[in-house]
Amino acid sequence: MNSLASIFYHQERLTDALEMTVNVMETQKRVLGAEHPKMIRTMYNLALILFSQGQQTEGQRLLAHVVEMERKLFGEGHPETIAGMKDLIFMFTTQGRWLDADELLTRVFGSDSSDDLAFIREQYKRYCV
């Protein structure tokens, strides 16, 4: 069912993807538990669907929660955690939250020399100062 939800998402059938993902998540939570890696991945997918549907605040909050769960389960440098932080940075920039994006980028990459970091700082200066 999770694969079908993914197909719906890629076909931009977001309502169908949302419904299917919520059903999968409820089943996984009941069967696998709230902190199982498959459950966390489904929550990740739900966050992206919500964000894509225009529910940006809700999607961003859910993804932040997922990243925190991934950090505890897998560790800060795990590819799943980094992928979640990358998408969270994207959400922050889409919402014009340049300082939050800058802070997270610095935390992920630990350097001020990154082109991404320079871009975000430039956007912040252009639109927010």
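Position one of the sequence shown corresponds to residue 35 (the numbering used here), numbered consecutively onward. Just so you know, even glycine gets a beta-carbon here, dropped at the ideal spot from N, CA and C.
Taking the C-alpha atoms as reference points, what is the distance between residue i and residue j?
i           : j           : result
residue 92  : residue 56  : 14 Å
residue 96  : residue 152 : 27 Å
residue 140 : residue 105 : 16 Å
residue 85  : residue 107 : 24 Å
residue 89  : residue 156 : 27 Å
residue 45  : residue 111 : 32 Å
residue 58  : residue 72  : 10 Å
residue 60  : residue 37  : 16 Å
residue 63  : residue 136 : 33 Å
residue 138 : residue 113 : 15 Å
Measure the CB-CB distance between residue i and residue j and report whether it falls below 8 Å.
i           : j           : result
residue 124 : residue 134 : no
residue 39  : residue 54  : yes
residue 129 : residue 87  : no
residue 66  : residue 98  : no
Within the same chain, show all residues whose beta-carbon is closer than 7 Å to that of residue i, passing over the 5 residues directly before and after it, in chain order.
i           : result
residue 100 : 74, 77, 78, 81, 118
residue 103 : 69, 74
residue 42  : 50, 51, 54
residue 83  : 43, 48, 51, 52, 55
residue 109 : 115
Tell me which same chain residues have a C-beta within less than 8 Å of the C-beta of residue i, skipping the five on either side of it?
i           : result
residue 116 : 142
residue 120 : 142
When the cut-off is 8 Å and only beta carbons count, does residue i lie next to chain C?
i           : result
residue 118 : Checking the listed chains, one finds no chain C in this structure; it contains a single protein chain.
Would you say the beta carbon of residue i comes nearer than 7 Å to a heavy atom of the ligand SAM?
i          : result
residue 63 : No copy of the ligand SAM occurs in the structure displayed, which carries no ligand at all.
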